[in-house]
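S.K.:
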Amino acid sequence: MLDLKLIRENVDLVRQAIKNKNEKADIDAILELDDKKRKAQFEFDNLKAEQNRVSKEIGTLKKEKKDASSLLNEMQNMAADIKDLSTNLSNINTALEIAMLTIPNIPHESVIIGKSEDNNIIVREWGKKREFDFEPKEHTELAEQNNLLDIIRGAKISGSGFPVYNSQGALLERALINFMLDFHIKKHGYREVMVPLIVNRETMTGTGQLPKLENDMYHINEDDFFLIPTAEVPVTNLFSNEIMPYNKLPQKLVAYTPCFRREAGSYGKDTKGLQRLHQFNKVEMVRFVHPDESWEVLEEMCNDAEEILQALKLPYHVLSLCTGDMSFASAKTYDLMVWAPGAQKYLEVSSVSNFTDFQARRASIRFRDTDGKVRFVHTLNGSGLATPRTFIAILENYQNEDGTITVPDVLVPYMHGLQVISVED
RNA sequence: GGAGAGGUGGCCGAGCCGGCUGAAGGCGCACGCCUGCUAAGCGUGUGUAGGCUAAUCCCCUACCGAGGGUUCGAAUCCCUCCCUCUCCGCCA
């Protein structure tokens with residue numbers, strides 16, 4: 201959510217931001233509602249003040265055993281008027297709030313203006329693509345040969361996009377999660393949290409998934425609950441409706457959770473194997489920082505995510521997303537794309553974003569600054585990392601000619617010392 | 001799931017036979033005084049949001065879990081919902 205004052209005073213800026221983000225939002229309607237609201241509020245306040253004053257008089261009169269009936273009669277009408285004004289005011293407020301939720305965050309000035317992912321720019325590359333002296337296989341084939349995944353049975357018990365990890369595949373998946381968690385905790389100083397995977401509507405609205413993406417969420421009707429699409433949702437909302445004392449900032453949290461996404465509208469796209477799933481595992485970093493620090497922290501977080509790929513020795517590049525490809529709530533986003541030599545393409549394994557005060561406003565996450573003033577924090581989050589495509593990249597980059605897979609050094613301790621993944625009976 | 005208790009300011013805790021309570025008292029915190037240092041003591045201040053304003057002064061409005069109702073007037077009465085705690089039952 202944006203600051204209404206900012207919208208009022210920078211209409212053109214906001215209009216341009218909406219356009220650059222390929223979003224639709226009716227600024228004029230908001231300005232009109234805002235105007236109406238202030239007028240309605242003024243009327244209400246004045247009448248209410250009058251009522252409060254007279255009501256006190258009535259109280260005094262009654263205490264002195266004097267007659268107050270004429271005032272009482274008068275006040276009945278006023279009470280009715282106030283009720284009308286109050287209804288009117290809350291209607292306007294509701295409409296305004298709903299409208300405000302449809303306005304996206306404003307991209308940072310450093311973000312390239314562009315329509316689609318084609319306009320994203322590579323800001324840096326890391327690692328060397330391995331030279332193969334044989335034809336590298338795709339992860340699906342490698343997984344099959346080593347009995348790491350069971351896509352078919354996953355589809356049988358749930359549906360497509362719900363993979364089953366088998367034996368050493370399950371071990372590798374678990375190793376990845378634990379390795380990443382430990383790495384961020386020990387090396388980068390994050391604090392681990394384990395959070396609910398099911399959240400309520402308010403929480404889902406706080407981080408900006410709702411109302412826009414309702415169709416992408418798994419929804420539990422009876423309770424109006426949602427399955428989380430990312431740990432960002434529960435973790436960021438941990439401090440919703442709170443005012444943190446100054447010394448509570450910054451907060452660096454990391455959480456592993458499964459993530460659930462309906463992926464509505466993306467049928468037929470990247471469906472092979474683990475590329476696009478309805479349920480997947482992800483380690484997520486979330487930060488709450490002082491507004492003055494968020495841009496610096498964005499770079500730091502991106503680096504935190506990159507270090508995982510570096511430790512795994514997987515070649516990647518970093519994209520700075522253009523305005524049109526960024527999410528609704530983000531002011532700036534970097535995507536980490538890992539190289540998959542079997543598929544011969546880069547796969548997104550992490551998305552690191554600065555949401556500035558956008559989520560903080562929605563969820564009301566504030567802090568008391570050193571000068572005593574209450575301000576909104578800035579929130580950031582980044583995958584560190586999503587496992588499925590990391591899994592793919594490991595299989596494809598570390599495959600041997602015979603189809604076995606060498607375990608990356610850093611994962612060996614997490615694989616009970618196993619150094620090579622090979623067929624198991 | 002059954003029975004009971006309860007949700008008030010950063011915290012504890014009054015108020016709850018309706019009005020002078022945005023809210024006593026205490027703790028904490030901030031500033032000042034005092035003090036050889038520390039402790040104690042004294043004084044003042046200390047919620048959020050909106051409006052007004054040059055203003056973080058004053059003044060007005062809203063908020064005592066959330067929403068609705070009764071009333072001239074509700075933290076206080078009524079209804080619905082949510083949550084917490086205790087006991088019982090059930091269960092990973």
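The numbering of the first sequence is the working numbering, which starts it at 201 and goes up by one. Backbone N, C-alpha and C define an ideal beta-carbon position, used for all residues, glycine too.
(1) Exposed or buried, what is leucine 348 when buried is set at 16 or more other beta-carbons lying within 10 Å of its beta-carbon?
(2) Just how far apart, CA to CA, sit methionine 615 and threonine 556?
(3) When you compare only the Cα positions, how much space is there between phenylalanine 244 and methionine 394?
(4) Along the chain, where does the alpha helix (DSSP H) containing glutamine 216 start, and where does it finish?
(5) Determine the extent of the alpha helix (DSSP H) in which valine 399 is found, giving its start and end residues.
(6) For methionine 201, name the three-state secondary structure that DSSP assigns.
(7) Out of Asp235, Ala225, Lys221, Asp226, point me to the one whose CA is closest to lysine 205's CA.
(8) The alpha helix (DSSP H) with asparagine 597 in it runs from where to where?
(9) Give the DSSP-derived three-state secondary structure of glycine 259 in the structure shown.
(10) Can you give the Cα-Cα distance for asparagine 437 and lysine 263, rounded to whole angstroms?
(11) Determine whether the beta carbon atoms of valine 552 and alanine 593 lie at a separation below 7 Å.
(12) On the DSSP bridge assignment, give the partners of glutamine 479 in chain order.
(13) Please tell me whether leucine 296 and leucine 231 are closer than 7 Å, where the distance is taken between their beta carbons.
(14) With DSSP collapsed to three states, give me the class of asparagine 366.
(15) In whole angstroms, what separates the C-alpha of proline 304 from that of serine 564?
(16) List in chain order: all unbroken alpha helix (DSSP H) runs of 4+ residues lying wholly within the segment 224–294.
(17) Going along the chain, which residues of its own chain have a beta-carbon closer than 7 Å to the beta-carbon of isoleucine 313, five neighbours each way excluded?
(18) In angstroms with no decimal places, state the Cα-to-Cα distance between aspartate 535 and asparagine 291.
(19) To the nearest angstrom, report how far apart leucine 376 and threonine 587 are at their CA atoms.
(20) Quick test of your reading: glycine 369 and histidine 478, contact by CB under 8 Å. State the CB separation rounded to the nearest angstrom.
(21) Relative to the C-alpha of valine 489, which candidate in Asp382, Phe576, Lys328 has its C-alpha closest?
(22) Tell me whether methionine 278 counts as near the ligand GDP, meaning its Cβ is closer than 6 Å to at least one heavy atom of that ligand.
(23) Which class does phenylalanine 334 belong to by DSSP, given the choice of helix, strand or coil?
(24) Tell me the DSSP secondary structure of valine 610 in three-state form.
(25) Do you know whose CA, among Gln241, Asn366, Leu213, Ser270, lies nearest histidine 308's CA?
(26) Assess, as a yes-or-no matter, whether the segment 452–463 is touched by the segment 393–407 under the definition of 3 or more beta carbon pairs within less than 8 Å.
(27) Considering only the beta carbon of each residue, do methionine 501 and valine 454 sit closer than 7 Å?
(28) Helix, strand or coil: which one does DSSP assign to aspartate 626?
(29) For tyrosine 534, which three-state DSSP category applies?
(30) Would serine 316 be called buried (16 or more neighbouring beta carbons within 10 Å of its own) or exposed?
(31) Reducing DSSP to helix, strand and coil, say where valine 142 ends up.
(32) Quick one: is tyrosine 446 buried, meaning 16 or more other Cβ sit within 10 Å of its Cβ, or exposed?
(33) In whole angstroms, what separates the C-alpha of alanine 540 from that of proline 491?
(34) Per DSSP, isoleucine 357 forms a beta bridge with which residues?
(35) For the beta strand (DSSP E) containing isoleucine 443, name the first residue and the last one.
(36) Can you tell me which residues form a DSSP beta bridge with tryptophan 326?
M.R.: Well, looking at it:
(1) Taking the first residue of the first sequence as 1, we reach residue 348 at position 148. So leucine 348 ends up on the buried side.
(2) Along the first sequence, one-based indexing puts residue 615 at 415. Along the first sequence, one-based indexing puts residue 556 at 356. Distance between the alpha carbons of methionine 615 and threonine 556 is about 39 Å.
(3) Walking along the first sequence from the start, residue 244 turns up at place 44. Walking along the first sequence from the start, residue 394 turns up at place 194. Approximately 46 Å, taken between the alpha carbons.
(4) For the purposes of this step, residue 216 is identified with residue 16 of the first sequence, where counting begins at 1. Here the alpha helix (DSSP H) through glutamine 216 covers 211–220.
(5) As a first step, residue 399 must be located in the first sequence, where it is residue number 199. Unbroken run through valine 399 is the beta strand (DSSP E), 398–400; no alpha helix (DSSP H).
(6) Against the first sequence, residue 201 aligns to sequence position 1. DSSP places methionine 201 in coil when its eight states are reduced to three.
(7) By 1-based counting over the first sequence, the position of residue 205 is 5. Closest option to lysine 205, Cα to Cα, is Asp235.
(8) Here the question's residue 597 lines up with position 397 in the first sequence. Element bounds for asparagine 597: 587–597.
(9) As a first step, residue 259 is located in the first sequence; it is residue number 59 there, counting from the start. Three-state DSSP puts glycine 259 in a helix.
(10) In the first sequence, residue 437 corresponds to position 237, counting from 1. In the first sequence, residue 263 corresponds to position 63, counting from 1. So the two alpha carbons sit approximately 50 Å from each other.
(11) The count along the first sequence starts at 1 and reaches residue 552 at position 352. The count along the first sequence starts at 1 and reaches residue 593 at position 393. Not in contact: valine 552 and alanine 593 (Cβ atoms no closer than 7 Å).
(12) On the first sequence, position 279 is the one that residue 479 refers to. DSSP output for glutamine 479 lists Phe460 as bridge partner(s).
(13) Taking the first sequence and counting its residues from 1, the one referred to as residue 296 is at position 96. Taking the first sequence and counting its residues from 1, the one referred to as residue 231 is at position 31. Not closer than 7 Å, so no.
(14) For the purposes of this step, residue 366 is identified with residue 166 of the first sequence, where counting begins at 1. Reduced to three states, the DSSP call for asparagine 366 is coil.
(15) Position 104 of the first sequence, counting from 1, holds the residue named residue 304. Position 364 of the first sequence, counting from 1, holds the residue named residue 564. Going from the Cα of proline 304 to the Cα of serine 564 covers about 17 Å.
(16) 227–263
(17) Position 113 of the first sequence, counting from 1, holds the residue named residue 313. Correct list, in chain order: Asn220, Cys522, Thr523.
(18) Within the first sequence, residue 535 is the residue found at index 335, counting from 1. Within the first sequence, residue 291 is the residue found at index 91, counting from 1. Approximately 41 Å, taken between the alpha carbons.
(19) Stepping through the first sequence from its first residue, residue 376 is reached at position 176. Stepping through the first sequence from its first residue, residue 587 is reached at position 387. For leucine 376 and threonine 587, the distance between alpha carbons rounds to 7 Å.
(20) The residue labelled residue 369 in the question sits at position 169 within the first sequence. The residue labelled residue 478 in the question sits at position 278 within the first sequence. Their Cβ separation, rounded to whole angstroms, is 18 Å, which puts glycine 369 and histidine 478 out of contact at 8 Å.
(21) Position 289 of the first sequence, counting from 1, holds the residue named residue 489. Ranking the options by Cα distance to valine 489, first place goes to Phe576.
(22) What this structure holds is no ligand at all, so the ligand GDP is not there to describe.
(23) Taking the first residue of the first sequence as 1, we reach residue 334 at position 134. It is coil, neither helix nor strand.
(24) Translated into the one-based positions of the first sequence, residue 610 becomes position 410. Reduced to three states, the DSSP call for valine 610 is helix.
(25) As a working note, residue 308 is residue 108 in the first sequence. Histidine 308 has its Cα closest to that of Leu213, out of Gln241, Asn366, Leu213, Ser270.
(26) yes
(27) For the purposes of this step, residue 501 is identified with residue 301 of the first sequence, where counting begins at 1. For the purposes of this step, residue 454 is identified with residue 254 of the first sequence, where counting begins at 1. No, they are not a contact pair.
(28) Absent from the structure is residue 626, since the part of the chain shown begins at 201 and ends at 625.
(29) Looking up residue 534 in the first sequence gives position 334. Three-state DSSP puts tyrosine 534 in a strand.
(30) One-based indexing of the first sequence puts residue 316 at position 116. It counts as exposed.
(31) Since the first residue of the chain shown is 201 and the last is 625, residue 142 is not available in this structure.
(32) By 1-based counting over the first sequence, the position of residue 446 is 246. With fewer than 16 Cβ atoms within 10 Å of its Cβ, tyrosine 446 is classed as exposed.
(33) Against the first sequence, residue 540 aligns to sequence position 340. Against the first sequence, residue 491 aligns to sequence position 291. Taking the straight line from one Cα to the other gives about 37 Å.
(34) For the purposes of this step, residue 357 is identified with residue 157 of the first sequence, where counting begins at 1. Note: isoleucine 357 sits in no beta bridge, so no partner.
(35) Position 243 of the first sequence holds residue 443. Here the beta strand (DSSP E) through isoleucine 443 covers 442–444.
(36) The residue labelled residue 326 in the question sits at position 126 within the first sequence. DSSP, once it has assigned bridges, lists Tyr516 as partnering tryptophan 326.
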